[in-house]
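**Q** One structure coming up, written as structure tokens, with questions to follow.
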Amino acid sequence: MVIGLSQKESSPHPAEPPREPRRRRPVLVAVVALAVVLIAAVAGWIVLRGVLARQELTAAMPDIAAVRKAVESGGLARARAASADLERHAKAAVSLTSDPVWRVAEGIPWIGANLTAVRTVATVSETVASEVVRLLIGVATEVDTRRLDLSGGRVDLARLAAAQAPVEGAQTAFRRAEASVEALPSGGLLSPVGTAVDRMRTFFAQTAPTIDVAGNAARLLPGMLGADGPRTYLLVAQNPAELRATGGLIGSVAVIHADKGAVSLASQKAGSTIGPWRSPVVSVPAATQGLYGPLVGRFLQDANLTPDFPLAASTVAAMWASSTGTAVDGVVTMDPVVLAAVLRATGPIALPGGDTLSAGNAVRLLLSGVYQRYGDPSTQDSFFASAASAVFGRVTAGGLDGRVLIAALADSGTSRRILIWSAHPAEQRVLASTTLAGALPTSTAETGGFGVYFNDATGSKMSYYLKSEVAAGATVCRADGKPTAHIRVTLTNTVAAASVPGLPAYVTGAGKSGVPVGSILTRVVVYRPADGLLLGVTSGGARHSAVSGTDRARPVAVTEVLLAPGEAKTVQVEFLEVGQTGTALDVTVAPTLPGDGSTPVVGARRTAAALVVPCATGIK
510 MVIGLSQKES SPHPAEPPRE PRRRRPVLVA VVALAVVLIA AVAGWIVLRG VLARQELTAA
570 MPDIAAVRKA VESGGLARAR AASADLERHA KAAVSLTSDP VWRVAEGIPW IGANLTAVRT
630 VATVSETVAS EVVRLLIGVA TEVDTRRLDL SGGRVDLARL AAAQAPVEGA QTAFRRAEAS
690 VEALPSGGLL SPVGTAVDRM RTFFAQTAPT IDVAGNAARL LPGMLGADGP RTYLLVAQNP
750 AELRATGGLI GSVAVIHADK GAVSLASQKA GSTIGPWRSP VVSVPAATQG LYGPLVGRFL
810 QDANLTPDFP LAASTVAAMW ASSTGTAVDG VVTMDPVVLA AVLRATGPIA LPGGDTLSAG
870 NAVRLLLSGV YQRYGDPSTQ DSFFASAASA VFGRVTAGGL DGRVLIAALA DSGTSRRILI
930 WSAHPAEQRV LASTTLAGAL PTSTAETGGF GVYFNDATGS KMSYYLKSEV AAGATVCRAD
990 GKPTAHIRVT LTNTVAAASV PGLPAYVTGA GKSGVPVGSI LTRVVVYRPA DGLLLGVTSG
1050 GARHSAVSGT DRARPVAVTE VLLAPGEAKT VQVEFLEVGQ TGTALDVTVA PTLPGDGSTP
1110 VVGARRTAAA LVVPCATGIK
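Numbered by the numbering used here, the letters in the sequence shown go through residues 510 to 1129 in order.
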């Protein structure tokens, strides 16, 4: 007998839970169905708008390329038309990708990154059209380079000053848009989206130099042309027929005055007539003197043995002040290759002696023909001076297509054949970010910056016949994972032995420096910023003698290459990249001549070709 339990409590089968009312199931099904419908609707909405946005952006891509080409060429009508089309397509794409549904969907894994990229490309395209191009077109309308008139040697500074604010505004908007695109992922996107992003990156990379040139010119030109008071500059002609690290031997120095936009050529002197000095006129770092000798600070034509152009230019300015008692506001260097580019804008120019100087013959005439014709250096200097005066007079006479002239000068600057140093710190800070500064190479965490430069040691004009080729690459072969950088330089003496007897003694050097007549002795200088360690230099698989040092905290290797007529040699310089984890190299190569008498093309910074070095062949 079980006491205290009812019959219900003693049942072996527990009570079943109460059943859900049947009516709740249709509600649940309805909710799920509604959710599916809503998701499908949202997905359909996004897909539809995405397809439409893609169509607009696809239509805008040709306009982006057209805008860049039109702005660079000065075609204002074409720029306006392309910009209007770009803005119309971009605004439509922005409208399609900026609603709340789209922005919420950007949080969805993977697909959201694609939606963000599409919206960013649309927004950036609109920024380029409405903020960058529109401002630049307005400036170009006011300062139309095709109608740029330098008659009387005067530049309209008022228009340049008025252009500064809109140009800087366009530059700021451009950089903001560029940063937005750079923040997008480089991979993992749908193919059409990735293609659009890559095209935008290419547009910014190709357009940035033009935007930077415009911005820097707007900041610098008014002041440098005398808006705030008279300026005096040294225009230094470099002669690449006798190489120096910044481009060539200092052949002549001209004094340029600028006041309220009026530019005039005051005087010219041969570089050989300035100095020398018994002691350095400036404080040259001991490391620099150790690499290039004591004459860097005492002899004008050796001031640019160092590739550090700000140091070389400030030294030249100090030497000029010591020699003449006149301080200058800056130093500008150029060579006959620049002159040839300028002559494309001016057309051929008749010289006082009966010669005609043209874009096609300037390099050959000034770097070879003069020496063949005149044996006396003073006569050569007179010829160079008359050529410079004639070109300067033609440029300042007016009536030129300013667009062609400006393009020639800008391209020459990109090629490092025009270098500028300002004695005014604020101006020099702006210049420092450009190729015009001629600064030593720098590195980033991912990219190693190198510089390859050349100094003639023949004491002649034989560099006219020197051909140089540079290639570079990096390998990771060490157990510690540190990359090794390889810089390979091949030099060729293009003079045939049979031609040597016909060369003037002034060109060959007549063996005065101990170099056989017809041979070329060149010092190859390789810079590696900051944390590199020189492993050595080889040639033909064997060790090659070299001098190593440090200049401005940068490891430097200097090695000599002696070439008989018709001979070619290759040297390879190797550095251990102590602080580098990547293998990307950015190599700046000093401009030289082709070695065959032709005129080099300007418009791109000279860099090294790609080089692949098997681990087994490197320096151990």
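In this text, a Cβ means the ideal position worked out from N, Cα and C, and glycines have one as well.
Is the stretch 631-649 close to the stretch 674-683, with three or more CB pairs under 8 Å?
**A** In short, these stretches touch, since the Cβ pair count reaches three.
**Q** Go ahead and pull the three-state DSSP assignment for G960.
**A** Three-state result, G960: strand.
**Q** Using a 10 Å radius around the Cβ and a threshold of 16 neighbouring Cβ atoms, would you call R903 buried or exposed?
**A** Looking at its Cβ environment, which holds 16 or more other Cβ atoms inside 10 Å, R903 is buried.
**Q** May I ask you to verify whether the stretch 924-931 touches the stretch 1066-1077, counting CB pairs closer than 8 Å and requiring at least 3?
**A** Verdict: no, contact absent.
**Q** Nearest to I765 by CA position, among Q747, V790, G735, A726, is which residue?
**A** Checked all of Q747, V790, G735, A726; the closest Cα to I765 is G735.
**Q** Mind checking which residues open and close the beta strand (DSSP E) that includes I929?
**A** Per DSSP, I929 belongs to the beta strand (DSSP E) from 928-931.
**Q** On a Cα-Cα basis, can you pick out the residue from A916, F892, G1041 that is closest to T855?
**A** The shortest Cα separation from T855 among A916, F892, G1041 belongs to A916.
**Q** Helix, strand or coil: which one does DSSP assign to D864?
**A** Three-state DSSP puts D864 in coil, outside helix and strand.
**Q** Excluding the five sequence neighbours on either side, which residues of its own chain have a C-beta within less than 6 Å of the C-beta of A883, listed in chain order?
**A** Looking at the sequence shown, residue 883 is not Ala but Tyr. Once the five neighbours on either side are set aside, the close Cβ partners of Y883 are Q889.
**Q** Check this for me: beta carbons of F1084 and G1049, under 9 Å apart or not?
**A** No; because the gap between Cβ atoms is not below 9 Å, this pair is not in contact.
**Q** What's the C-alpha gap between V793 and A771?
**A** Computed Cα separation, rounded: 35 Å.
**Q** For the stretch 1054-1069 against the stretch 980-989, do three or more pairs of beta-carbon atoms, one drawn from each stretch, fall closer than 8 Å, so that the two count as touching?
**A** Counting Cβ pairs under 8 Å, fewer than three are found: no touch.
**Q** Helix, strand or coil: how does DSSP classify Y1036 here?
**A** The answer is strand: DSSP assigns Y1036 an E or B state.
**Q** Between the C-alpha atoms of A726 and A667, what's the straight-line distance to the nearest angstrom?
**A** So the alpha carbons of these two residues sit roughly 14 Å apart.
**Q** Using CA atoms only, rank isn't needed, just tell me which of T943, G922, G863 is closest to A896.
**A** Checked all of T943, G922, G863; the closest Cα to A896 is G863.
**Q** Going by DSSP, what residue range makes up the beta strand (DSSP E) through V637?
**A** Segment: none, V637 is in no beta strand (DSSP E) and carries neither H nor E.
**Q** Can the beta-carbon of V998 be found closer than 9 Å to that of T1097?
**A** Their beta carbons are not under 9 Å apart, which means V998 does not touch T1097 by this criterion.
**Q** Just mark V1122 as buried or exposed, buried being the case when its beta carbon has 16 or more other beta carbons within 10 Å.
**A** Buried is the call here.
**Q** Where does H1053 sit, in a helix, a strand or coil, going by DSSP?
**A** H1053 falls in the coil class under three-state DSSP.
**Q** Pull up the distance between the alpha-carbon of M570 and that of R708, whole angstroms please.
**A** M570 and R708: Cα-Cα distance of roughly 8 Å.
**Q** Across which residues does DSSP place H598 in a beta bridge pair?
**A** Answer is none; H598 lacks a bridge partner.
**Q** Is L543 buried or exposed, if buried means 16 or more other CB atoms sit within 10 Å of its CB?
**A** With a pLDDT of only 48 at L543, under 50, the local geometry of the prediction cannot be trusted, and the value read off the model is given with reservation. It counts as exposed.
**Q** Assign V468 to buried or exposed, taking buried as 16 or more other Cβ atoms, counted over all protein chains shown, within 10 Å of its Cβ.
**A** Nothing in the structure corresponds to residue 468, since the chain is present only between 510 and 1129.
**Q** Which of the three DSSP states is assigned to F893 in this structure?
**A** Three-state result, F893: helix.
**Q** Can you tell me the Cα-Cα spacing of L1030 and D817, whole angstroms?
**A** If I take the Cα positions, the gap works out to 22 Å.
**Q** Taking C-beta to C-beta, are L1120 and A1019 nearer than 9 Å?
**A** In this structure, A1019 does not lie closer than 9 Å to L1120 by Cβ.
**Q** How would you write the range of the beta strand (DSSP E) that D1095 sits in, first residue to last?
**A** Where D1095 is concerned, the enclosing beta strand (DSSP E) stretches over 1093-1098.
**Q** What are the residues that DSSP puts in a beta bridge with N748?
**A** Answer by DSSP bridge pairing, in chain order: L758.
**Q** With Q715 as the anchor, note down where its alpha helix (DSSP H) starts and where it stops.
**A** Element bounds for Q715: 700-733.
**Q** If I follow the unbroken beta strand (DSSP E) through A775, where does it start and stop?
**A** Element bounds for A775: 771-779.
**Q** Taking T1017 as the reference, give the member of Q564, V690, I996, Y973 with the closest Cα.
**A** Residue Y973 is the option with its Cα nearest to T1017.
**Q** Tell me whether V545 is buried or exposed, calling it buried when 16 or more other Cβ atoms sit within 10 Å of its Cβ.
**A** Note that V545 has pLDDT 48, beneath the 50 cutoff, so the model's placement of it is unreliable and the number below is only indicative. By the neighbour-count rule (16 or more Cβ atoms within 10 Å), V545 is not buried but exposed.
**Q** One question on the structure: do V706 and V722 come within less than 9 Å of each other, judged by their Cβ atoms?
**A** Not closer than 9 Å, so no.
**Q** Would you mind reading off the limits of the beta strand (DSSP E) that contains L1044?
**A** Residues 1041-1048.
**Q** Which two residues bound the contiguous alpha helix (DSSP H) that contains T923?
**A** Here the alpha helix (DSSP H) through T923 covers 911-923.
**Q** For the stretch 741-748 against the stretch 712-721, do three or more pairs of beta-carbon atoms, one drawn from each stretch, fall closer than 8 Å, so that the two count as touching?
**A** The answer is no - the stretch 712-721 does not touch the stretch 741-748, with fewer than three Cβ pairs under 8 Å.
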